[in-house]
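**Q**
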Amino acid sequence: MTNLLLALIYLAFISLGLPDALLGSAWPAIYSDFMVTVSYAGIVSVIISLGTIISSLLSDRLISWLGTGKITAISVGLTAVAILGFGMAPNFWVLCVCAIPYGLGAGSIDVALNNYVALHFKSSHMNWLHCCWGIGATIGPYIMGAALAGGSGWRGGYWYAACIQLGITAILFLSLPLWKRSEQADSATVSSNDPDRGAENADSVNAKEIPEPKVQSARPRHLKLSEVVQIPGVKAMMVCFFCYSALEHTIGLWAATYLRLFKNMDAAAAAAFASMVFLGITLGRAVSGFLAMRYSDQQMIRSGMILTALGLLMLLIPGSAALAVCGIMAVGLGCSPIYPAMIHSTPQIFGRERSRAITGVQMSCFFVGVLIMPPLFGIVADRLSVGLLPVYLSIALGVMAFMQYRLVRRMVH
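Numbered by the working numbering, the letters in the sequence shown go through residues 36 to 448 in order.
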């Protein structure tokens with residue numbers, strides 16, 4: 036049962052990544068059809084991110100009410116309906132309305148499955164889970180490209196993706212009995228006050244670095260946002276997630292522009308080489324899954340930060356465009372273990388009962404970073420220079436490293 040459930044979780048995360056890159060690959064065709072400017076893509080992106088933030092903050096109560104299985108199935112269903120709506124939208128404003136259920140569904144899936152895997156599986160599976168997101172995000176543009184090349188247009192691309200999402204939704208609803216048995220087993224364990232449930236599968240945090248938390252109560256209590264942020268270490272964790280999202284999404288958005296304008300690379304080559312950051316993240320997470328069998332979450336985080344710093348150093352060295360491309364790849368590889376390891380370590384740092392509420396706050400901080408930091412660098416690039424990209428990213432990395440150090444130090448002492 037466990038292996039089948041894990042396969043379903045991987046499938047759900049592929050479905051989470053599948054629509055993420057569709058908007059970017061389809062937008063050149065969409066904006067001309069709807070007679071809007073290129074910048075209107077930002078409006079859709081902001082609506083999706085706001086929906087994700089809201090559903091992440093509400094996820095603790097929703098998952099307690101419906102359970103992880105139902106939340107996952109309903110959320111994937113919401114994204115399927117949203118994608119279908121994108122394909123049928125007669126104008127831009129209907130597209131914006133369809134972005135609402137997509138954002139709400141994406142946030143709930145993220146929190147529910149991240150927390151479930153953190154509680155029940157080894158750190159390896161958390162890395163492979165996020166690798167599955169990368170697989171989905173890679174498949175999406177190919178679906179859209181095939182639709183555009185085949186004459187179905189961008190609407191056809193969204194319809195094909197919606198059919199895949201609806202199929203995954205049906206599979207998830209059929210799997211609800213598996214989730215029910217798993218949740219009943221969890222309830223029985225909590226009632227018996229057994230703190231070791233899942234510990235054998237969540238062993239990535241080195242016991243010498245962070246002590247195992249005690250079980251706080253027989254039944255988890257819902258925590259308000261104000262209560263969550265008062266938990267020792269949570270504020271540092273929030274800053275870590277904000278800075279990580281700033282790092283990943285800023286380089287993802289601006290790497291091509293940096294290579295084109297600062298390293299004088301051809302536009303087509305710059306666009307192709309900029310994708311190395313996402314390739315690095317996806318491949319890195321596949322490899323990190325095996326490394327996590329040997330090393331703790333904190334060791335994976337530190338190693339990732341060191342590799343990211345080396346990549347940024349390559350970007351800072353003037354001249355060679357080839358070295359800059361290697362730096363971008365190194366940043367992607369460095370980022371790959373950080374996010375999964377931070378999520379997986381949450382139950383061990385803060386306790387099982389509080390981990391779901393904290394995971395929701397983590398996801399919210401991540402998407403707040405997505406909303407703020409890439410556009411903020413756009414202002415920096417416009418007013419000063421796009422060449423400041425590695426400096427900007429180094430500041431985010433430095434703050435994240437300092438907060439991670441404070442977090443681990445607080446937990447040890």
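Beta carbons: idealized from backbone N, C-alpha and C, even for Gly.
Could you name the residues of the same chain whose beta carbon sits closer than 7 Å to that of V403, not counting the 5 residues immediately before and after it, in chain order?
**A** I88 and F277, listed in sequence order.
**Q** What whole-angstrom Cβ distance do G369 and M349 have, given they're in contact under 8 Å?
**A** 11 Å between Cβ atoms; not a contact.
**Q** In this structure, how does DSSP classify A327 when only helix, strand and coil are distinguished?
**A** A327 falls in the coil class under three-state DSSP.
**Q** Since H257 is in the alpha helix (DSSP H), which residue starts that stretch and which ends it?
**A** Here H257 belongs to no alpha helix (DSSP H), and DSSP marks it neither H nor E.
**Q** Measuring CB to CB, does H451 end up less than 9 Å from R320?
**A** In the structure displayed, the chain extends from 36 to 448; residue 451 sits before or after that span and is not available.
**Q** What residue range does the alpha helix (DSSP H) around P176 cover?
**A** Its alpha helix (DSSP H) spans residues S158 to A184.
**Q** Quick check on the DSSP output: the alpha helix (DSSP H) that includes L85 runs from which residue to which?
**A** Start and end: A76 to L101.
**Q** For S158, which residues of its own chain have a beta-carbon under 6 Å away from its beta-carbon, when the five flanking residues on both sides are left out?
**A** Cβ neighbours of S158 beyond the five flanking positions: S239, A327, D332 and H379.
**Q** Of the residues F208, C198 and I384, which one's Cα is nearest the Cα of V269?
**A** Of the listed residues, the one whose Cα sits closest to V269 is I384.
**Q** When DSSP labels each residue in this structure, what does V71 get in the three-state scheme?
**A** V71: coil per DSSP, three-state reduction.
**Q** Please classify T72 as buried or exposed, where buried requires at least 16 neighbouring CB atoms within 10 angstroms.
**A** When all chains shown are included, T72 counts as exposed.
**Q** Can you tell me which of L53, E283 and L43 puts its alpha carbon nearest to the alpha carbon of H160?
**A** If we check each option's Cα against that of H160, L43 comes out closest.
**Q** Just the Cα atoms here: how many angstroms apart are A290 and I98?
**A** Near 37 Å, if we compare the C-alpha coordinates of I98 and A290.
**Q** Excluding the five sequence neighbours on either side, which residues of its own chain have a C-beta within less than 8 Å of the C-beta of C275, listed in chain order?
**A** Here the set comprises M377, M435, M438, Q439 and L442.
**Q** Over the uninterrupted alpha helix (DSSP H) stretch that includes A271, give me the two end residues.
**A** Residues V269 to L296.
**Q** Please specify which runs of the alpha helix (DSSP H), each continuous and at least 4 residues long, are wholly inside the stretch 297 to 381, giving them in chain order.
**A** You should have 302 to 309, 311 to 326, 332 to 351, 356 to 370 and 373 to 379.
**Q** Within 10 angstroms of its Cβ, does C400 collect 16 or more other Cβ (buried), or is it exposed?
**A** Answer is buried; the Cβ neighbour count reaches 16.
**Q** With a cut-off of 8 Å on the beta carbons, I'd call I170 and I49 a contact; round off their distance for me.
**A** Correct: roughly 6 Å between the Cβ atoms.
**Q** Between the alpha carbons of P230 and R389, how many angstroms are there, rounded?
**A** Residue placement at P230 is poorly supported in this model, since its pLDDT is 40, which falls under 50; the coordinates are not used for a value here.
**Q** Could you tell me the boundaries of the alpha helix (DSSP H) in which G422 lies?
**A** Counting along the chain, G422 falls outside any alpha helix (DSSP H), and DSSP gives it neither H nor E.
**Q** Looking only at C-alpha atoms, which of R295, C361, A306 and I83 sits nearest to V421?
**A** Nearest of R295, C361, A306 and I83 to V421, Cα basis: R295.
**Q** Between the alpha carbons of A47 and G354, how many angstroms are there, rounded?
**A** Distance between the alpha carbons of A47 and G354: 43 Å.
**Q** Kindly indicate which residue of G188, A306, Y75 and G86 has the alpha-carbon position closest to the one of G140.
**A** Minimum Cα distance to G140 is reached at G86.
**Q** According to the neighbour-count rule (16 or more other Cβ atoms, all chains shown, within 10 Å of its Cβ), is I316 buried or exposed?
**A** Label assigned to I316: buried.
**Q** What residues in its chain sit with their C-beta under 7 Å from that of V405, if we drop five residues either side in the sequence?
**A** If we look at V405 and ignore the five residues flanking it on each side, its Cβ neighbours are S84, S280 and H284.
**Q** Nearest to G413 by alpha carbon, out of F308, S261, L288 and A356?
**A** Comparing Cα-Cα distances from G413 to each of F308, S261, L288 and A356, the minimum goes to L288.
**Q** Within the same chain, show all residues whose beta-carbon is closer than 7 Å to that of N149, passing over the 5 residues directly before and after it, in chain order.
**A** Within the same chain, N149 has close Cβ partners I378 and T394.
**Q** Would you call the stretch 103 to 117 and the stretch 177 to 194 in contact, with 3 or more CB pairs under 8 Å?
**A** They do not touch, by the three-pair rule.
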